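Chains as they are written, first to last, in the numbering used here: chain A, 79 to 334; chain B, 77 to 598. Just below is one structure, and these are the notes that go with it.
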Amino acid sequence: MRRAIFSIFSVCLCSLFAQRNLIPTDSPAVEAGRQIYMGACSGCHGATGEGSQGPSLLSGRASRLPDRTLLNSIQNGLPGTSMPNFPMGSEKINQVAAFVRSLTAPAITTQPAGDVERGKRYFFGAGKCSTCHMILGQGGHPGPDLSNIGSERTSGQILESIMKPSARIAEGYRGVVAALKSGPTIQGVAKNHNNYSVQILDKDGRLHLLNREEIAKLELMDASLMPSTSDAAEARHLVAFLARQSTRMKEGALSK
Amino acid sequence: MRFALVFCIPLFAAAQVTPEAIANSPNAEWLTYHGDYSARRHSSLKQITPDNAKSLVAKWVFHIDGAKKLEASPIVHRGLMYISNTNEIYALDARNGRKVWHYSAKNAKGTRVNRGSAILGDKVYFVTADCHLIALNRSTGNLIFDVTYASFDAGYTTSIAPLAIRNGILVGVAGGGSGQRGFVAALHPDTGKEVWRFWTVPGKGEIGSETWGGFPAEMGGAPTWTTGSYDPQLNLVYWPTGNPWPDFYGGRRPGDNLYSDCVLALDAATGKLKWHFQFTPHDVWDWDANENPVLLDAVFRGKPRKLLVQANRNGFYYILDRETGEFLHAKPFVTKLDWTSGLDDRGRPKVIPEKIPTPAGTKVCPSVRGASNWMSPSYNPATGLFYVVALEQCDMIVASAKEPVASSGFRGTGNEGIPTEPGRFFLRALDVLNGEIKWQYPMPGPGVMWAGTVSTAGGVVFTGDDDGNLVAVDAKTGKDLWHFSTGHSLFASPVTYMLDGKQYVTIAAESDVFTFGLFQGN
Chain A
79 MRRAIFSIFS VCLCSLFAQR NLIPTDSPAV EAGRQIYMGA CSGCHGATGE GSQGPSLLSG
139 RASRLPDRTL LNSIQNGLPG TSMPNFPMGS EKINQVAAFV RSLTAPAITT QPAGDVERGK
199 RYFFGAGKCS TCHMILGQGG HPGPDLSNIG SERTSGQILE SIMKPSARIA EGYRGVVAAL
259 KSGPTIQGVA KNHNNYSVQI LDKDGRLHLL NREEIAKLEL MDASLMPSTS DAAEARHLVA
319 FLARQSTRMK EGALSK
Chain B
77 MRFALVFCIP LFAAAQVTPE AIANSPNAEW LTYHGDYSAR RHSSLKQITP DNAKSLVAKW
137 VFHIDGAKKL EASPIVHRGL MYISNTNEIY ALDARNGRKV WHYSAKNAKG TRVNRGSAIL
197 GDKVYFVTAD CHLIALNRST GNLIFDVTYA SFDAGYTTSI APLAIRNGIL VGVAGGGSGQ
257 RGFVAALHPD TGKEVWRFWT VPGKGEIGSE TWGGFPAEMG GAPTWTTGSY DPQLNLVYWP
317 TGNPWPDFYG GRRPGDNLYS DCVLALDAAT GKLKWHFQFT PHDVWDWDAN ENPVLLDAVF
377 RGKPRKLLVQ ANRNGFYYIL DRETGEFLHA KPFVTKLDWT SGLDDRGRPK VIPEKIPTPA
437 GTKVCPSVRG ASNWMSPSYN PATGLFYVVA LEQCDMIVAS AKEPVASSGF RGTGNEGIPT
497 EPGRFFLRAL DVLNGEIKWQ YPMPGPGVMW AGTVSTAGGV VFTGDDDGNL VAVDAKTGKD
557 LWHFSTGHSL FASPVTYMLD GKQYVTIAAE SDVFTFGLFQ GN
């Protein structure tokens, strides 16, 4: 019985998948689409799809459209609204749709352009990223594990984390300083905290499970502990490298 | 200051979890699904006693978003509690239930429940429903490796709490109900690479294959879906196996169907079979032998012996010599038992032919759920009692002949409860050396629970009951001492641990983890 439900379910999944297959996912198409988007769409939907006069393409209805609806909406516009039609030929429509999809797709599925090897060298070398982050057990603390980041975040989110770390602080990684009544000060990230306890991971990977009563002063930071990267070229290679960090490559590609 | 000392300084020492520490638990810590390697689930803690158990109070509850049926026994080590659910695991601050980290294998396929994790060195291990073993750093939850050990697409799934021994993380698979070939595998603790694998259905031409009448090994079942036990001195792993497939129709698999419904003694270094004992040869009632194989040493009939005991789904409590596999004794621990006229002196049942399921339906006792099942029993050496949740129930089993096709949903047909004879659960205390029932604690309810027990040196046994209560009873007498209604049905066994000098008891219930301790006045 359970099997039967499962196979019906997988049939649905397959047809859904076939449906969604109308839009290309290869990086040349996404890149071509980006060019079109920046000229034709970013004025109303924002440079990263965050929305302005037009709605955000990152969340809500516009992020969940089936392939055919997305293509139709771009080609024909939405009559009665300020969303214009774009009679620009199906190849270009496909490309811009590919870019719109890439805004919400896990980075692993969009394979962003950049030199992966160079990104890797920078990550474990000059960029010092691996002093705070681990990939499959290689690296340090207290930053989030990046072994599966390509499946968990979009390329845009990864880029933002690198260039503007404080724009969004990953859950459980807010910087914290706790001065204990007994003397020592503990620094790291607050894995969790409330009025009664705080759980801190320090840069040596040690956990400190503390009651608030033992703490003289607790300071939670608004800015990320992570230094920002301003070199756009290195950032691009880093994104290319990190986008490919996924524990389950094939399944990752199917899951969205 | 006290906490700084208790928690920070030991963590600075960053000691590794060793097999020796596991063998010496459960004490303040709970280090395997069973608490230790012996599967006795007997903790040395004695702060909670029959005198003070009535002042147990809830200390914290942790809700797991989306969880429907938590079945895990958590692991507790150095102030952290590891609790797993389908394809995910949480590390909690064990004093207050605050989340420290969470790892979710979001792309994992399959939705099977999860029964828990394992800990060794600096890592914690758990499996996903699609048979990946995942290793995480136990402090940070950082991923160390994620390896596949069986193919989900070929029909394999799993729910097992792995068992961590020195040279391997031991894992198994489900599949007794859908026609996969069972195995136990040891995967390297640092890399996940396979160290050995023992197939529970012998391949063509191998010893034991003659017990299948030519039925394909690939579909034989004999799954390994519960956690075994381990004797570090003998260096033997004891792993129980499930039913042969198809569950209820044996016509295509004439013979004993080795190694289904067995306990296997495997060399921990090589995975080679030392001995096996089969509880239910040629099973047509779905009586997996996956109940915990409990290891203990005792003087048996005047001779000190290394024993293995099990309260089997088929209704008998068995005592075996765990060095040799010799059958020593068995006794029914339920009254509803009608499929056999008894066991011979080697422990082989004499099956009553009328109890073999037919297309018209056959009433059989115990039920398919069994006289007991994977809910954990426990054993207290001080009382000499073995505490087991028993189910008094019969079923109608219908069997039909059909060409078996793996993963087709076919199980040889199936079973139904008898509406006028609902099942009843009891917590029973058996004399560990002869299986006699010394006391019992009836547990009225809807007949849905799968909760087990934990025994403590304080003389209190904790068990889940069929009405959603965590219950404390007196280990000597079975007298009811305390209970707490979780408001959920229970599908897990409780554990106990100690932090800052306070003993806690934890049980997972559907979507929440409940932790109790003695009232402290604050």
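Don't be surprised by glycine CBs; every beta carbon is placed ideally from N, CA and C. Note that the coordinates shown come from a computational prediction; the quantities given were computed from them, not determined experimentally.
Three-pair Cβ contact test at 8 Å for the region 466 to 480 of chain B versus the region 138 to 145 of chain B: no
Partner residues on chain A for aspartate 603/B, Cβ-Cβ distance less than 7 Å: The question about residue 603/B has no answer here: the residues shown for chain B are numbered 77 through 598.
Extent of the continuous alpha helix (DSSP H) run through proline 316/B: Sequence index remark: in the second sequence, residue 316/B carries index 240 (1-based). Not the alpha helix (DSSP H): proline 316/B falls in the beta strand (DSSP E), residues 312 to 316.
Distance CB(glutamine 516/B)-CB(arginine 504/B) smaller than 7 Å: Working through the second sequence from its first residue, we reach residue 516/B at position 440. Working through the second sequence from its first residue, we reach residue 504/B at position 428. In contact: glutamine 516/B and arginine 504/B (Cβ atoms closer than 7 Å).
Beta carbon of serine 162/B nearer than 7 Å to that of alanine 205/B: Your numbering for residue 162/B matches position 86 in the second sequence. Your numbering for residue 205/B matches position 129 in the second sequence. Checking the sequence, you will find threonine at residue 162/B rather than serine. Yes, the pair counts as a contact, with Cβ atoms nearer than the cut-off.
Proximity test, Cβ basis, 7 Å: arginine 231/A and chain B: As a position in the first sequence, residue 231/A is number 153, starting the count at 1. Judged by the 7 Å Cβ criterion, arginine 231/A is not in contact with chain B.
Distance CB(glycine 255/B)-CB(threonine 287/B) smaller than 7 Å: Working through the second sequence from its first residue, we reach residue 255/B at position 179. Working through the second sequence from its first residue, we reach residue 287/B at position 211. The answer is no: Cβ separation not under 7 Å.
7 Å Cβ shell around threonine 224/B - same chain, five flanking residues per side excluded: On the second sequence, position 148 is the one that residue 224/B refers to. Cβ within range, chain order: Cys207 and His208.
Segment limits, beta strand (DSSP E) that includes glutamine 386/B: By 1-based counting over the second sequence, the position of residue 386/B is 310. Its beta strand (DSSP E) spans residues 379 to 387.
Cα-Cα separation, alanine 170/B to serine 160/B: Translated into the one-based positions of the second sequence, residue 170/B becomes position 94. Translated into the one-based positions of the second sequence, residue 160/B becomes position 84. Between alanine 170/B and serine 160/B, the C-alpha separation is close to 14 Å.
Sequence-distant residues of the same chain with beta carbon closer than 8 Å to glutamate 230/A, five excluded per side: As a working mapping, residue 230/A is identified with position 152 in the first sequence. Closer than 8 Å at the Cβ level, and outside the excluded window around glutamate 230/A, lie Pro184.
Distance between beta carbons of aspartate 542/B and glycine 521/B, contact taken as under 8 Å: Residue numbering aside, residue 521/B sits at position 445 when the second sequence is read from its first letter. Residue numbering aside, residue 542/B sits at position 466 when the second sequence is read from its first letter. Indeed they touch by this definition, with Cβ atoms about 3 Å apart.
Contacts that asparagine 218/B makes with chain A (C-beta to C-beta distance below 8 Å): Here residue 218/B is taken as the residue at index 142 of the second sequence, counted from 1. In chain order: Met212, Gly215, Asp223 and Ser225.
Other residues of its chain near valine 93/B: CB distance less than 7 Å, five sequence neighbours each side excluded: Taking the first residue of the second sequence as position 1, residue 93/B is located at position 17. These residues qualify, in order along the chain: Leu107, His153, Ile195, Leu196 and Gly197.
Glutamate 497/B versus Asp471/B, Val277/B, Thr346/B and Asn366/B, residue with shortest Cα-Cα distance: As a working note, residue 497/B is residue 421 in the second sequence. Checked all of Asp471/B, Val277/B, Thr346/B and Asn366/B; the closest Cα to glutamate 497/B is Asp471/B.
Under 8 Å by beta carbon: chain B residues contacting lysine 269/A: Counted from its first residue, the first sequence places residue 269/A at position 191. Within 8 Å Cβ-Cβ: Lys175, Val176 and Trp177.
Entirely enclosed alpha helix (DSSP H) segments - the region 398 to 443 of chain B, minimum 4 residues: none
Valine 58/B vs serine 443/B beta-carbon contact at 7 Å: The first residue shown for chain B is 77 and the last is 598, placing residue 58/B beyond what the model contains.
Asparagine 172/B: contacting residues in chain A (beta-carbon distance under 7 Å): In the second sequence, the residue the question calls residue 172/B occupies position 96. Within 7 Å Cβ-Cβ: Tyr274 and Ser275.
Under the three-state DSSP convention, the category glycine 244/B falls into: As a working note, residue 244/B is residue 168 in the second sequence. Three-state DSSP puts glycine 244/B in a strand.
Within 7 Å, strictly: CB atoms of cysteine 122/A and glutamine 131/A: Looking up residue 122/A in the first sequence gives position 44. Looking up residue 131/A in the first sequence gives position 53. Taking 7 Å as the Cβ cut-off, cysteine 122/A and glutamine 131/A qualify as a contacting pair.
DSSP state of arginine 196/A mapped onto helix, strand, coil: The count along the first sequence starts at 1 and reaches residue 196/A at position 118. Here arginine 196/A sits in helix by DSSP.
CB contact check: glycine 197/A to chain B, cutoff 7 Å: To locate residue 197/A, count along the first sequence from 1; it is residue 119. Closer than 7 Å: no.
Under 7 Å between C-beta atoms of glutamine 277/A and valine 271/B: Counting from one through the first sequence, the residue named residue 277/A turns up at place 199. Counting from one through the second sequence, the residue named residue 271/B turns up at place 195. No; because the gap between Cβ atoms is not below 7 Å, this pair is not in contact.
Proximity to valine 583/B [Cα-Cα], best of Ile151/B, Ile98/B, Pro126/B and Gln123/B: As a first step, residue 583/B is located in the second sequence; it is residue number 507 there, counting from the start. What sits at residue 583/B in the sequence shown is isoleucine, not valine. Isoleucine 583/B has its Cα closest to that of Ile151/B, out of Ile151/B, Ile98/B, Pro126/B and Gln123/B.
Continuous alpha helix (DSSP H) stretch holding leucine 237/A: start and end: Working through the first sequence from its first residue, we reach residue 237/A at position 159. 233 to 241 is the span of the alpha helix (DSSP H), which, as asked, contains leucine 237/A.
Alanine 548/B to aspartate 373/B span [Cα, whole Å]: Position 472 of the second sequence, counted from the first residue, corresponds to residue 548/B. Position 297 of the second sequence, counted from the first residue, corresponds to residue 373/B. Distance between the alpha carbons of alanine 548/B and aspartate 373/B: 26 Å.
Residues of its chain near proline 453/B, where Cβ-Cβ distance is below 8 Å and the 5 sequence neighbours each way are ignored: Here residue 453/B refers to the residue found at position 377 when the second sequence is read from its first residue. If we look at proline 453/B and ignore the five residues flanking it on each side, its Cβ neighbours are Arg117, Glu367, Asn368, Val370, Ala387, Phe462, Tyr463, Val464, Val465, Gly528 and Thr529.
Spatially closest choice to lysine 426/B from Lys199/B, Asp414/B and Tyr179/B, by CA coordinates: Position 350 of the second sequence, counted from the first residue, corresponds to residue 426/B. When each option's Cα is compared against that of lysine 426/B, the closest is Asp414/B.
Cα-Cα separation, glycine 460/B to asparagine 100/B: Locating residue 460/B in the second sequence gives position 384, counting from the first residue. Locating residue 100/B in the second sequence gives position 24, counting from the first residue. Taking the straight line joining both Cα atoms gives about 19 Å.
Beta-carbon proximity list for alanine 293/B, same chain, < 6 Å, skipping 5 on both sides: The sequence position of residue 293/B within the second sequence is 217, counting from 1. These residues qualify, in order along the chain: Arg257, Val277 and Gly279.
Local conformation of tryptophan 361/B per DSSP, three classes: Position 285 of the second sequence holds residue 361/B. Coil at tryptophan 361/B, not helix or strand.
Per-residue contacts from serine 215/B into chain A (C-beta, under 8 Å): For the purposes of this step, residue 215/B is taken as the residue at position 139 of the second sequence. Correct list: Leu279, Gly283, Arg284 and Leu285.
Lysine 145/B versus Gly593/B, Leu575/B and Ser569/B, residue with shortest Cα-Cα distance: Walking along the second sequence from the start, residue 145/B turns up at place 69. Minimum Cα distance to lysine 145/B is reached at Ser569/B.
Residues of its chain near glycine 234/A, where Cβ-Cβ distance is below 7 Å and the 5 sequence neighbours each way are ignored: Indexing the first sequence from 1 puts residue 234/A at position 156. Same-chain partners within the cutoff: Thr126 and Leu181.
Beta-carbon proximity list for valine 313/B, same chain, < 6 Å, skipping 5 on both sides: Counted from its first residue, the second sequence places residue 313/B at position 237. Closer than 6 Å at Cβ, skipping near neighbours: Gly304, Tyr306, Leu342 and Ala344.
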